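Right, one structure below, let's go through it.
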Amino acid sequence: MNPQSTPTVVSSSIDDLFALTLVDGLPVESGGKLLRYRTVKMRETTVADERIAARLAERVVSVGGASKLLVSDSDFRYAMTMRHCDSFECDGTKLPQAVLDLDIFGKLSPHDLQLIEERVVLIALVAQVRYGVISQEEFDQFAAGRMPAGTATSPQPVGQAANVGSNDGLDQSGPALLTDFTGDVANSTPSGRGA
1 MNPQSTPTVV SSSIDDLFAL TLVDGLPVES GGKLLRYRTV KMRETTVADE
51 RIAARLAERV VSVGGASKLL VSDSDFRYAM TMRHCDSFEC DGTKLPQAVL
101 DLDIFGKLSP HDLQLIEERV VLIALVAQVR YGVISQEEFD QFAAGRMPAG
151 TATSPQPVGQ AANVGSNDGL DQSGPALLTD FTGDVANSTP SGRGA
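And the structure:
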């Protein structure tokens, strides 16, 4: 993304979409001193970043004596947020993305992490405007904290979930209730060895 063309799309309260000042900063000890990297240079991510984030979110666990590879959704989201950070800066010193890992990134305060996540959302929305997925007006409404007109709120009841809860209070036995999903088989008399 061209950072020079982006500010026309972004809310006027943000000077540079790709630069963020943190409140608490990323605490890193260097030379016996505690430095707080308060400036974050952000960037857009690529498919390669998604693959790296997936690898960072992988965990090998033992289940019943067998090793299983699990990928944590929350760790993946966390790693993707980290991949949006190009560098952290403090007094002219840069902490580049190449040295960041989930342990270092985990030193952020919850408030600073939220600030970074909010900026990631804005960067993604600006990309959607650039590619024509959403309009400039829809972006402006979102940036102002309003839902664009015609947008349904979530969750949207569709499919089988549309009627969830509508039958509360009806007296139905388990087998009769199952006929909604299996047909009349649930009401027939059992046959075979179980009869």
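Position 76 (the sequence shown) corresponds to 76 in the UniProt record's numbering; numbering is contiguous. The beta carbon of each residue, even a glycine, is placed where N, CA and C say it ideally should be. Owing to the predicted nature of the structure, the values given are computational and were not obtained by experimental measurement.
Pairwise C-alpha distance: residue j and residue i
i: residue 80; j: residue 65; result: 31 Å
i: residue 20; j: residue 57; result: 25 Å
i: residue 116; j: residue 100; result: 15 Å
i: residue 138; j: residue 118; result: 17 Å
i: residue 74; j: residue 27; result: 23 Å
i: residue 141; j: residue 147; result: 6 Å
i: residue 14; j: residue 72; result: 33 Å
i: residue 10; j: residue 68; result: Any reading at residue 10 is ruled out, since the residue's pLDDT is 49, under 50, leaving its predicted position unreliable.
i: residue 31; j: residue 92; result: 16 Å
i: residue 143; j: residue 127; result: 14 Å
i: residue 36; j: residue 23; result: 10 Å
i: residue 78; j: residue 114; result: 11 Å
i: residue 33; j: residue 52; result: 31 Å
i: residue 63; j: residue 50; result: 27 Å
Under the three-state DSSP convention, the category residue i falls into
i: residue 47; result: helix
i: residue 119; result: helix
i: residue 37; result: strand
i: residue 17; result: coil
i: residue 24; result: strand
i: residue 108; result: coil
i: residue 6; result: Residue placement at residue 6 cannot be trusted, given a pLDDT of 45 that sits under 50; what the coordinates show is reported in the next sentence. The answer is helix: DSSP assigns residue 6 an H, G or I state.
i: residue 95; result: strand
Residues sharing a beta bridge with residue i, DSSP
i: residue 42; result: 85
i: residue 61; result: 68
i: residue 30; result: 33
Status (buried if at least 16 other CB within 10 Å, exposed otherwise) for residue i
i: residue 98; result: exposed
i: residue 95; result: buried
i: residue 145; result: exposed
i: residue 48; result: exposed
i: residue 55; result: exposed
i: residue 112; result: buried
i: residue 83; result: buried
i: residue 102; result: exposed
i: residue 6; result: The pLDDT assigned to residue 6 is 45, lower than 50, so where the model puts this residue is not dependable; a value taken from the coordinates is nonetheless given after this. Its Cβ being crowded by 16 or more others within 10 Å, residue 6 is buried.
Query - Meets three-Cβ-pair contact criterion under 8 Å: the region 103-115 and the region 126-145 - result: no
Requested in this report: Report yes or no: do three or more beta-carbon pairs, one from the region 113-130 and one from the region 32-46, lie closer than 8 Å?
Outcome: yes
Query raised in the report: For the region 29-40 against the region 81-89, are there 3 or more C-beta pairs whose distance is under 8 Å?
Result: Taking 8 Å as the limit for Cβ pairs, the verdict is that the region 81-89 does touch the region 29-40.
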